[in-house]
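In order, the protein sequences belong to chains P and A. The opening position of the first sequence corresponds to residue 1 in our numbering, with each subsequent residue numbered one higher. The opening position of the second sequence corresponds to residue 1001 in our numbering, with each subsequent residue numbered one higher. Beta carbons are placed, not taken as given, at the ideal position from N, Cα and C, and that holds for glycine. Predicted model only: the values in this text are computed from it and were never measured.
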Amino acid sequence: MTLLDFARGPAMQVAIFIFVLGIVWRLVGVWALRQKKDLSEARQKGAWIGGIKGLFAHAWPYKPFVPKVGAQYIVGYVIHLGLFIVLFFGTPHMLFFADIVNFTWWTLPGGVITFVALITTVALFIALAKRLVDPVQRLISNFDDYATWFVTTLPFLTGLATTANLWPHYETGLAIHLLSVWLLLIYFPFGKLMHSFWFVVSRYTTGSRFARRGGMA
Amino acid sequence: MSKTTTEMALDLDAKRLSVVEPGTRVDVQGDLSDEARVEKAMTNFVKDFGRVTATYMEACIHCGACAHACPFYEASGNPRHTPIWKLEPFKQAYKREAGPLAFFYKAFNLKKNVTLDELKEWQELLYDTCTMCGRCTLICPMSIDIATLVGMARHGMFHAGLVPHELYTVTEKAQREGSPLGATPQVFEDRVEWMGDEHEVDMHMNEDQADVLVLMSSIEIQKYPESMAATAKILNQMGKSWTFRTDGYEATNFGMLSGNTGWQKEMSMKVIGTAEKIGAKLVILPECGHAYQALRWQGANMYGKSLPFKIQHISEFLADAVDSGSIKLKPVNKSVAFHDPCQVSRRGGATQAPRKVLEALGVELIESKSGGSMNTCCGGGGGVITIHRADTLRYKVMGAKFRQLDETGAEMMVTSCSNCRQNFDDSSEKLNWDKQMNSLLELVADNLVEEAEK
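Shown next as structure tokens:
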């Protein structure tokens, strides 16, 4: 079995298994916790509307905070959108998913994907630099923050190296790229990459809690 | 290290001393062993880990944005004052003891046990540098309600005997005497009578039955007693059936602020019991931010069922009175900047009520930068104003607040929280601010169109 066979076979299966099981475990682990009902008289009905509003309200900072954290949000958006575009609109990635879901979709030209991947990688390095230099972020950072950065950046670096044909042996390079993605999947349920799910739950929770009070969140 | 005992007298007239480095002093209560303190803290931390708390614990991405909304971080520039960092031991306890991966963290010792030294270090962060104003939630991309989590973390700290000395002492005094500032039932009754005579207003005390039960905060009873006369004047004018009661008058709840849920419940139940006994349909809370939080939003949860009466902050009551035409007001003809008490506006939802009242007073309201529900905290809430070693930073926080209000160019400053007002008075003396913070309630009472004038 070559390294590529291993990456496409058992490594992928194990990674997906841990990814799915880990996510379910972590979500259920939190949702299974008890929660006392709020017995205070709500100021207004329809708290769930506030929850939905909360999902969007926090997608961009409120006006007074834009000068302070606007740039940080932009870097965050570049990373998230870049990840999304490369993952779903890169032709090799689409073909990989198409094998599983049995349908294909429109993709972007290779050059565009490479450009997006490069921009995203630069944004990831900017985010790391800020974490290392900014006194607040440096203080509050832990192993998970750096590990998350590492497992997110690695697939971009290995992917770019594969596209640019920088590996001495293409198939080994491709295998390394795949393995870096499986590493991301395996780490996903254990660290803050889970914010892909928690951001919805947390924003909705606060939005609905404060909507019933008529307050602002 | 100082030690709090219940025998130590609380001298509120003594000169307040503050220290430049608040972290140099840690207060402890009781004679628990080091292990027992950690055990108590952990047990009480874990009690609070419900679904909502867990969601917030899981959601943080360590972006540090919350620092930039925190008045304490903004004033000090100290990264330790980053709101989410104030929860570090609480988060550590969650990950190790309660989260879905707790077994994993514990088995491989990936999250270490919280130590007593850490808890002591965090005393300053959880009490001196957080008013639970909740502004950090506004900036958080995950919308984490850090203020509520700080309130929960204080539960563990209280039971571990790790509360700042002054806050503990006033809390214990409130529990023992019914008031944190010596406003015992007798003192309250005397001062109500005095204000009745002074302002020639009928006071209703200890009525057996009344539709409205009026509460007061110790700060008003002791420092701003005109509030009692102002409230009475308005209620009399409206022809309400109302009463003060010596068995349930204190609106402040230091059990909540210090972190003792048991005492919080007892303090709330005293008021709830009294309101039930007299058949009150409405309980009016005075100009006090945290009292609103304690009774309006946490009272029923303490009681264990829905409350059989309504609760209104005085500004909400006044707004309704103005709306319904029950009271008429003379125009004030001044420009006003309004300081929103965080617990009433942003976290309480009554942001528009004082604005309606101000409109009825005919003032030109000039909103400050980042006003209304986005309001910057004055730095005195959450019990912070009681802690002497926190004074230095509190004044810095207030300095920023003064600048913000000065920028409005308004002729008059108004708020609807006596604790904020007390902080403004204390800080303006210290920082030579040339303005005075006024009470919305007193402004209304002073400009009430009385029956004969109608």
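Residue environment, Y1303(A), which counts as buried when at least 16 other CB atoms sit within 10 Å: Answer is buried; the Cβ neighbour count reaches 16.
Taking C-beta pairs closer than 7 Å, name the residues in chain A that D145(P) reaches, listed in chain order. Going along chain A in sequence order, the residues near D145(P) (Cβ under 7 Å) are H1062.
Less than 9 Å between CB atoms is the rule here; does F17(P) satisfy it with respect to chain A? For F17(P), the answer is no, since every Cβ of chain A falls outside 9 Å of its Cβ.
Reduced DSSP secondary structure (H/G/I, E/B, other) of K1423(A): Residue identity check: residue 1423(A) is Asn in the sequence provided, not Lys. Note: N1423(A) maps to helix in three-state DSSP.
Under the three-state DSSP convention, the category L1431(A) falls into: Correct three-state label for L1431(A): helix.
Buried or exposed: M1(P), going by 16 or more other Cβ atoms within 10 Å of its Cβ? With fewer than 16 Cβ atoms within 10 Å of its Cβ, M1(P) is classed as exposed.
Residues within the stretch 46-63 of chain P neighbouring chain A, beta-carbon criterion of under 7 Å: Those residues of the stretch 46-63 of chain P that come within reach of chain A (Cβ to Cβ, closer than 7 Å) are G54, H58, P61, Y62.
Which whole-angstrom value describes the C-beta separation of F1231(A) and N1206(A), a residue pair presumed to lie in contact below a C-beta threshold of 8 Å? The question names Phe, yet the displayed sequence has Thr at residue 1231(A). T1231(A) to N1206(A), Cβ: 16 Å. No contact.
Give every residue of the same chain whose Cβ lies closer than 6 Å to the Cβ of R1135(A), excluding the five residues on either side of it in the sequence, and list them in chain order. For R1135(A), same chain residues with a beta-carbon under 6 Å away, outside a window of 5 residues either side, are A1069 in chain order.
Endpoints, the beta strand (DSSP E) within which A147(P) is located: A147(P) -> not in any beta strand (DSSP E); alpha helix (DSSP H) instead, spanning 143-163.
Taking 9 Å as the threshold (beta carbon to beta carbon), is N165(P) in contact with chain A? For N165(P), the answer is no, since every Cβ of chain A falls outside 9 Å of its Cβ.
In terms of alpha-carbon separation, which member of L1365(A), P1164(A), G1348(A), A1353(A) lies closest to V1467(A)? Within the shown structure, residues of chain A are numbered from 1001 to 1454, placing residue 1467(A) beyond reach of any answer.
Indicate whether at least one CB of chain P lies closer than 9 Å to the CB of K1310(A). Taking 9 Å as the CB threshold, K1310(A) lines the interface with chain P.
Could you please give the first and the last residue of the uninterrupted alpha helix (DSSP H) stretch that includes K1277(A)? For K1277(A), the uninterrupted alpha helix (DSSP H) segment begins and ends at 1261-1277.
Is the CB of W1122(A) under 9 Å away from at least one CB in chain P? No - not a single Cβ of chain P is within 9 Å of the one on W1122(A).
How many angstroms separate the CA atom of L139(P) from the CA atom of N1109(A)? The alpha-carbon atoms of L139(P) and N1109(A) are separated by roughly 21 Å.
Select from D1190(A), R1191(A), L1167(A), K1401(A) the residue whose C-alpha is nearest the C-alpha of I1387(A). Considering only alpha carbons, the answer is L1167(A).
Nonlocal neighbours in the same chain, by C-beta distance under 6 Å from A1353(A), ignoring five residues either side: The answer, listed in chain order, is S1315, E1316, A1319.
If contact means a Cβ-Cβ distance below 9 Å, which residues of the stretch 1036-1058 of chain A contact chain P? Cβ contacts with chain P: F1049, G1050, R1051, V1052, T1053, A1054, T1055, Y1056, M1057, E1058.
Sort S1335(A), G1380(A), P1079(A) by Cα distance to S1364(A) and report the nearest one. Going by the sequence as given, residue 1364(A) is Glu instead of Ser. The residue among S1335(A), G1380(A), P1079(A) with its C-alpha nearest the C-alpha of E1364(A) is S1335(A).
Just the C-alpha distance for M216(P) and D5(P), rounded to the nearest angstrom, thanks. Taking the straight line from one Cα to the other gives about 54 Å.
Using a Cβ cut-off of 7 Å, pull out every chain P residue sitting near L1348(A), in sequence order please. It is Gly, not Leu, that sits at residue 1348(A) in the sequence shown. Chain P residues near G1348(A): R213, G215.
I'd like to know if the stretch 1265-1274 of chain A and the stretch 1045-1062 of chain A are in contact, where contact means that at least 3 CB-CB pairs between them fall below 8 Å. Using a Cβ-Cβ distance cut-off of 8 Å, the stretch 1265-1274 of chain A and the stretch 1045-1062 of chain A are not in contact, since fewer than three pairs of beta carbons, one from each stretch, lie closer than that value.
With DSSP as the reference, please indicate the residues paired to G90(P) in a beta bridge. According to DSSP, G90(P) shares a beta bridge with L108(P).
Considering only C-alpha positions, which residue in the set D1406(A), Q1422(A), E1200(A), V1322(A) is nearest to K1435(A)? If we check each option's Cα against that of K1435(A), D1406(A) comes out closest.
9 Å Cβ cutoff met for G1381(A) and G1289(A): In this structure, G1381(A) sits near G1289(A), with a CB-CB distance shorter than 9 Å.
Straight-line CA distance for S1370(A) to A123(P)? S1370(A) and A123(P): Cα-Cα distance of roughly 31 Å.
Between D134(P) and G1064(A), how many whole angstroms is the CB-CB distance? I'm expecting something under 8 Å. Yes, they are in contact, since the Cβ atoms of D134(P) and G1064(A) sit about 7 Å apart, within 8 Å.
For the stretch 1286-1306 of chain A, which residues have a CB atom closer than 8 Å to at least one CB atom of chain P, in sequence order? Taking 8 Å as the Cβ-Cβ cut-off against chain P, the residues of the stretch 1286-1306 of chain A that qualify are R1296, W1297, Q1298, G1299, A1300, N1301, Y1303, G1304, K1305, S1306.
Less than 9 Å between CB atoms is the rule here; does P1354(A) satisfy it with respect to chain P? No - not a single Cβ of chain P is within 9 Å of the one on P1354(A).
Cβ neighbour criterion (16 or more within 10 Å) applied to R1389(A): Counting Cβ neighbours within 10 Å, R1389(A) comes out buried, since at least 16 surround it.
Between the alpha carbons of G1023(A) and D1426(A), how many angstroms are there, rounded? Its pLDDT being 48, under 50, G1023(A) is placed unreliably in this model, and the coordinates cannot settle the point.
T1415(A) bridges to which residues according to DSSP? In DSSP, T1415(A) forms a bridge with H1339(A), S1439(A).
Exposed or buried, A1251(A), counting other C-beta atoms within 10 Å across all chains shown (16 or more means buried)? Buried.
Quick one: does I140(P) have its CB under 9 Å from some CB of chain A? Yes, its Cβ sits closer than 9 Å to a Cβ of chain A.
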